[in-house]
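Chemist:
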Amino acid sequence: MHRPRRATVAVIGGADEPAGILAAAEALGAGVIAAGHRLITGGLGGVMEAACRGARRSPAWTEGSIVGVLPGIDPRAANPFVDVVITTGIGHLRNGIVVSSADVVVAIGGGAGTLSELALAWIHGRPIIALDVGWGARLGGARLDDRRDDAIRSVATVEAALAELARCVR
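Okay, so the sequence shown: first residue is 509 according to the numbering used here, each after it adds one.
Structure, rendered in structure tokens:
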């Protein structure tokens, strides 16, 4: 019997964020898994680890639901909540793997690495949801260029992000 593929959701954001952003990332990770999706992140700390921790704590979590794509070659660098560790050895270029592997990208805060992921997600045609902090506050509602007719979807809360995610993966 063929089961439909679960959507893969990338949660992107900074490795060094304040507690409020990390709490939002944790709630988002839990919500992604509770909705029946897979989670993919850059596999390290900060927003990535918080989202993975929330995903792992979800009652709906199953082995293999949390993917971490690392910039280096040492799988031990992954945060302890990642189920599937993918080492790349390509540094920040791994950002392209994270977003191109996702059906939807959700951004929370972040710096230059997150900005590169947002640009790549835009180029690859992935729906982008951004909480209104960091890049989300700057780019929410914007079109990065004319290659797409939609815009970055800006949301104020994790609950709104999860509702928008549900609309994106129907």
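The beta-carbon is built from N, C-alpha and C at its ideal position, and this holds for glycine as well. All of these numbers come straight from a predicted model, not from anything done at the bench.
Measure the beta-carbon distance from Thr622 to Gly522 and round it to whole angstroms, keeping in mind my assumption that it falls under 8 Å.
Modeler: 6 Å
Chemist: Rounded to whole angstroms, what is the Cα-Cα separation between Arg564 and Ile574?
Modeler: 8 Å
Chemist: Contact defined as beta carbons within less than 8 Å: I believe Leu547 pairs with Ala669. What is the distance between those atoms, to the nearest angstrom?
Modeler: Actually they do not touch by this definition, with Cβ atoms about 13 Å apart.
Chemist: Pull up the DSSP beta-bridge partners for Ala559, would you.
Modeler: Partner(s): none; Ala559 has no beta bridge.
Chemist: Whole angstroms are fine: how far does the CA of Leu647 sit from the CA of Asp654?
Modeler: 15 Å
Chemist: Are the CB atoms of Val606 and Gly554 nearer to each other than 7 Å?
Modeler: no
Chemist: Please determine, among Cys560, Ile616, Gly599, the residue with the shortest C-alpha to C-alpha distance to Val666.
Modeler: Ile616
Chemist: For Ala615, which beta-bridge partners are listed by DSSP?
Modeler: Ile520, Ala638
Chemist: In this structure, does DSSP put Ser608 in helix, strand or coil?
Modeler: In the structure shown, the three-state DSSP call for Ser608 is helix.
Chemist: Please classify Leu623: does DSSP put it in a helix, a strand, or coil?
Modeler: helix
Chemist: Considering only the beta carbon of each residue, do Gly618 and Asp591 sit closer than 7 Å?
Modeler: no
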